[in-house]
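To start, the structure under review is shown below, and the notes come after it.
2 protein chains.
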Amino acid sequence: MRLAPVLLPALLIATSSHAAPRETRIPEAAIATATQLRAQALADDTGWKIVESLTTEVGPRLAGSEADARAVEWAKAKFKQLGYDKVWTQPVTFPKWERRSEHGAVLGAHAQPLALTALGGSPGGTVEGEVVRFADLASLQAAPDGSLAGKIAFVDYTMPRARDGGGYGMGSRIRGDGPSAAIRKGAVAYLMRSAGTDSHRVPHTGNTHFDAGLKPVPAAALAIPDAEQLARLIALGSTRVRVALDCGWNGEYTSQNVIGEIRGRTKPDEVVVIGGHLDSWDLGTGAIDDAAGVGITMAAGHLIGQLKQAPARTIRVIAYANEERGLYGGKVYAESQAKQIGKHQIIAESDFGAGRIYAFDTSPAEHAKAAAKQIADVLAPLGIEYTPGKGGPGSDAGPSAERGVAWGSLAQDGSDYFDLHHNADDTLDKIDPKALAQNVAAYAVFAYLAANADGDFGSAPKEPAPPKN
Amino acid sequence: MRLAPVLLPALLIATSSHAAPRETRIPEAAIATATQLRAQALADDTGWKIVESLTTEVGPRLAGSEADARAVEWAKAKFKQLGYDKVWTQPVTFPKWERRSEHGAVLGAHAQPLALTALGGSPGGTVEGEVVRFADLASLQAAPDGSLAGKIAFVDYTMPRARDGGGYGMGSRIRGDGPSAAIRKGAVAYLMRSAGTDSHRVPHTGNTHFDAGLKPVPAAALAIPDAEQLARLIALGSTRVRVALDCGWNGEYTSQNVIGEIRGRTKPDEVVVIGGHLDSWDLGTGAIDDAAGVGITMAAGHLIGQLKQAPARTIRVIAYANEERGLYGGKVYAESQAKQIGKHQIIAESDFGAGRIYAFDTSPAEHAKAAAKQIADVLAPLGIEYTPGKGGPGSDAGPSAERGVAWGSLAQDGSDYFDLHHNADDTLDKIDPKALAQNVAAYAVFAYLAANADGDFGSAPKEPAPPKN
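If you read the protein sequences in the order shown, they are chains A and B. The working numbering applies: residue 1 is where the first sequence begins, and numbers increase by one. The working numbering applies: residue 1001 is where the second sequence begins, and numbers increase by one.
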């Protein structure tokens, strides 16, 4: 179907000076195979077994830790065991941050411990001071310069629960930007209510950063019950707290992106890229973040590899190194492929837990919309809605998408994700094997159909955006 | 109504050689006042405020800790503030057990931390050894003597969820008897899956003991996800673990039962006793265990004290010392009242959380059954069923009941109790203020009606049972 010019969206008009590409379509035979693959994946427990294996045998795997190296060896072995045609690695180098111990306590007449955890990137140190509570980041930013001299800033923002994780935008800004804002006001330490939606004594860690020119101070997140307790104590009167963190930077480390490929039959040098990240925070065993993504995509590739006939293009599954401390693996991959953008059919990452997928989208390319709709039609029986214009590339897929790789988005139900995200409760028992299998089915369908399309999804080189903080 | 002899239950026949006491009845005026009290209590937040105050201002209050003394001062001040006529204390002396630090870790190829907590009474020590898993206590007890030499015993029993907490019987036996069983088989340390029903990284502590003649070994409970992880690792092959506990006995401590009284109008020397325990384990803030019991009974007494006319008998509310390490406060109280058994109208303790009360019972005394039924009729609109023969005295009420004090039982819905019991998650946010108010209403009705009865509930001195282990 061709759209009349009057209906063309702005984006297409903007690019209409280029030669109009041929419309991409997916052959009926591929649709039929994908439909079988879908049923097979729903009845298969390979994804679950991969998640169980990684979280049990390796456990927590903070980038740069001893377990990071074990995770890399695990991934290489697992790809081979799953029958991938080619397994290779890419070195990923980054500064290593370590957590050794952490303690918090209310001092004085109401003395009691506080459950807290250092934010990734925080320096160590033991600090005591009066706590000043702010309801949100803007209130802290609005405090007069120097007003927190010798004091501890505490941002007590309550992150709302949402299927799409929408509350995390503010939650992660409070984690990322809060410490620098506190330092500018004179604070000697920074505390935040965890960016989470649970009610357990399991504080949520996650990355922070310090603006150039500022002297970093200890920065930590309180478990949600502890944040509420601290707020109650502050309401009673002046409250002093001790924050004692032993953590910090310790040299450089080189980990690996671990990559497995199911070789394409007719266009082996063109790739559909799916994956998850291999590293995790150290507090839990990284089950939903992101053993699930690794398991979902490894299993999807494996099931495609088990078909009688390989897909036209290569399926490349990446277990990315060090996503958590700043998309290191995703950036290295994107850079390594800078001259291969056009060889990338599409890229997608699973990095939002193990909840059921409820929505599908791809990057906007008018000539690929019919093909996207064909994929959506095979996804629909899985309870997945086609929602053009509502998706975006996953975390490690971002750097590739910025360079022009077309992306796919399979949005997971994240209603419970921030109960577990970056905390000690991120363990295998939180994953529903049936929901995981639905994810595997969706990724298998998506990757297989994209790999067999006649035509592309719009990948084309572009200048990457300037790096963010 | 008199029962025909053929219908008399066995118990009554057994006691029928004694002079038959006059049937106890509650005057209609008292019923009317209790009905008003019930409505007033449901709309009152005194109970909630007491729980908030204790858990916030004192926080965790392990018997013998610095916070124990603060809790005693808090309770004295709170009784006075709530208008109690008399506030007094009873010294309670016990050996002090301290927790300083605790760590667990899997060693070797699958190295990772394990969330565990020392059992109360455990010695300190750092032990490494291969773990041997037992599905239940009987399996451990059936292991050949010496078969665990140099090894760590692990009892991996899954406690079922139940409204009446029925699964805790086995859970607490595994905690209490497991360590000695393990030592007899040669084990160098003892691990158990927490006696809990949650799925969080918050291990459940609780009291253990070591049989005479055995050399104690470090004994700890794993968080439930960690117990499952350890079981998976053991299924993969030989698994060595390090258990490092810094804890143990440290002299004696004298705490206090703190007692508040609403003086009776016509029989001030006769008492209705209600209460909860003031101490808590150290991991949470002791909200459901047992700030709730303290708050419920303090508030009930307070509301009775606010009536225009005091009840006939005295309402005595006890905040017991050191329930957790062995009913020390309850035993001291019972002993102190050994010659006052007949002055005790009835005793009840609230120590099963803050869930709604669903059942009422009293100790069997045929002449008081009609009065019990009268109380039950006023409780019924609160959703409370009269269940004769199904209740029992609460923890600290036990030693008094053993000496012959009649008891009342207001059974709370404990479906969620063992999600929080003795772990770090026992915090204020877990309490539903409306359910708490229902508890206050029930205790107020019960205490007020029992205090105004014409006649008794069967209290009479008897020899206490020999002490249990």
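Every residue gets a Cβ at the ideal spot worked out from N, C-alpha and C, and that includes glycine. Quick caveat: nothing in here was measured; it's all calculated off a predicted structure.
Can you list, in chain order, the residues of its chain whose CB lies under 7 Å from that of residue i, leaving out five sequence neighbours each side?
i                : result
L233 of chain A  : V106, H110 and T239
D1136 of chain B : V1155 and Y1157
P203 of chain A  : A115, L116, T117, S194, A221, L222, A223 and N423
Please report the straight-line C-alpha distance between residue i and residue j, rounded to a whole angstrom.
i                : j                : result
G1557 of chain B : A1244 of chain B : Outside the shown range of chain B (1001 to 1469) lies residue 1557 of chain B, about which nothing can therefore be said.
R1163 of chain B : A1359 of chain B : 11 Å
Y168 of chain A  : E402 of chain A  : 22 Å
P1095 of chain B : G1330 of chain B : 16 Å
Q1112 of chain B : A411 of chain A  : 31 Å
A1030 of chain B : M170 of chain A  : 57 Å
A1221 of chain B : K267 of chain A  : 56 Å
I259 of chain A  : A447 of chain A  : 15 Å
G1276 of chain B : F1418 of chain B : 18 Å
G474 of chain A  : D361 of chain A  : Absent from the structure is residue 474 of chain A, since the part of chain A shown begins at 1 and ends at 469.
I274 of chain A  : I375 of chain A  : 15 Å
K1215 of chain B : D1246 of chain B : 17 Å
G1404 of chain B : K1462 of chain B : 5 Å
S350 of chain A  : N439 of chain A  : 9 Å
D45 of chain A   : L420 of chain A  : 23 Å
T1126 of chain B : G1165 of chain B : 34 Å
A75 of chain A   : V294 of chain A  : 9 Å
L236 of chain A  : L230 of chain A  : 10 Å
V272 of chain A  : T297 of chain A  : 11 Å
D1290 of chain B : L54 of chain A   : 40 Å
R1133 of chain B : G1064 of chain B : 34 Å
T427 of chain A  : D1377 of chain B : 48 Å
N250 of chain A  : L303 of chain A  : 41 Å
A67 of chain A   : A444 of chain A  : 29 Å
Would you say residue i and residue j are within 8 Å of each other, going by their C-beta atoms?
i                : j                : result
N322 of chain A  : V131 of chain A  : no
M1159 of chain B : A1195 of chain B : yes
I50 of chain A   : A299 of chain A  : yes
A441 of chain A  : L82 of chain A   : no
R1356 of chain B : A1435 of chain B : yes
E102 of chain A  : A118 of chain A  : yes
R193 of chain A  : A227 of chain A  : yes
A1519 of chain B : L1449 of chain B : No answer is possible for residue 1519 of chain B: it lies beyond the span of chain B, which begins at 1001 and ends at 1469.
A143 of chain A  : K185 of chain A  : yes
H1344 of chain B : S1400 of chain B : yes
N1257 of chain B : A1319 of chain B : yes
S1459 of chain B : G1342 of chain B : yes
Counting only the same chain and skipping the five closest in sequence on each side, list residues whose C-beta sits under 6 Å from that of residue i.
i                : result
K1080 of chain B : V1087
A71 of chain A   : V58, R61 and L278
A1219 of chain B : L1119, S1122, P1179, Y1190 and T1208
G248 of chain A  : P123 and G124
Does any heavy atom of the ligand ZN sit closer than 7 Å to the C-beta of residue i?
i               : result
F418 of chain A : For the ligand ZN, the structure offers nothing, since it holds no ligand at all.
Would you mind telling me which residues of chain E sit closer than 7 Å to residue i, beta carbon to beta carbon, in chain order?
i               : result
L233 of chain A : No chain E appears in this structure, whose protein chains are A and B.
Once the 5 residues before and after residue i are set aside, which same chain residues still bring their CB inside 8 Å of it?
i                : result
I431 of chain A  : W48, V51, A287, I288, A292 and A354
S395 of chain A  : H277, E323, L327, G330, E349 and D351
E252 of chain A  : T93, F94, P95 and K96
R1263 of chain B : D1085, K1086, A1310 and T1314
G470 of chain A  : The question about residue 470 of chain A has no answer here: the residues shown for chain A are numbered 1 through 469.
D1425 of chain B : D1198, H1200, V1202, G1284 and D1419
I384 of chain A  : I357, Y358, A359, F360, A376, L410 and A442
**OP:** Determine which residues of the region 1088-1107 of chain B have a Cβ less than 9 Å from any Cβ of chain A, and write them out in chain order.
**Re:** V1106
Subject >> Contact residues within the region 1111-1127 of chain B, judged by C-beta distance below 9 Å to chain A >> reply: A1111, Q1112, P1113 and A1115
Subject >> Residues of the region 59-81 of chain A whose Cβ lies closer than 8 Å to any Cβ of chain B, in chain order >> reply: G59, P60, E66, A67 and R70
**OP:** Please go through the region 1160-1238 of chain B and give each complete alpha helix (DSSP H) segment of 4 or more residues, from N-terminal end onward.
**Re:** Runs found: 1168-1184 and 1224-1236.
Subject >> chain B contacts from the region 174-199 of chain A (Cβ-Cβ distance under 7 Å) >> reply: S199
Original post:
Residues in the region 1213-1229 of chain B with C-beta within 7 Å of chain A's C-beta atoms, listed in sequence order?
Top reply: Taken in chain order, the members of the region 1213-1229 of chain B whose beta-carbon sits within less than 7 Å of a beta-carbon on chain A are P1225, E1228 and Q1229.
Subject >> Every unbroken beta strand (DSSP E) within the region 80-121 of chain A, with a cutoff of 3 residues, ordered by chain >> reply: Within the region 80-121 of chain A, complete beta strand (DSSP E) segments of at least 3 residues are found at 86-106, 112-114 and 116-118, given in chain order.
**OP:** Taking only runs that begin and end inside the region 1329-1404 of chain B, name each unbroken beta strand (DSSP E) of 3 or more residues, in chain order.
**Re:** 1344-1349 and 1357-1362
**OP:** Anything in the region 1264-1291 of chain B with a Cβ closer than 9 Å to a Cβ of chain A? List those residues in chain order, please.
**Re:** D1282, L1283, G1284 and T1285
**OP:** May I ask you to list, following chain order, the residues of the region 1141-1162 of chain B that have a beta carbon less than 8 Å from some beta carbon of chain A?
**Re:** none
Subject >> Contact set between the region 406-429 of chain A and chain B, restricted to residues whose Cβ is under 7 Å from the partner >> reply: Here the close residues are A424, D425, T427 and D429.
**OP:** Kindly provide the ranges of any beta strand (DSSP E) runs that are 3 or more residues long and lie completely inside the region 286-337 of chain A, ordered along the chain.
**Re:** Counting whole runs of 3 or more residues, the region 286-337 of chain A contains the beta strand (DSSP E) stretches 313-320.
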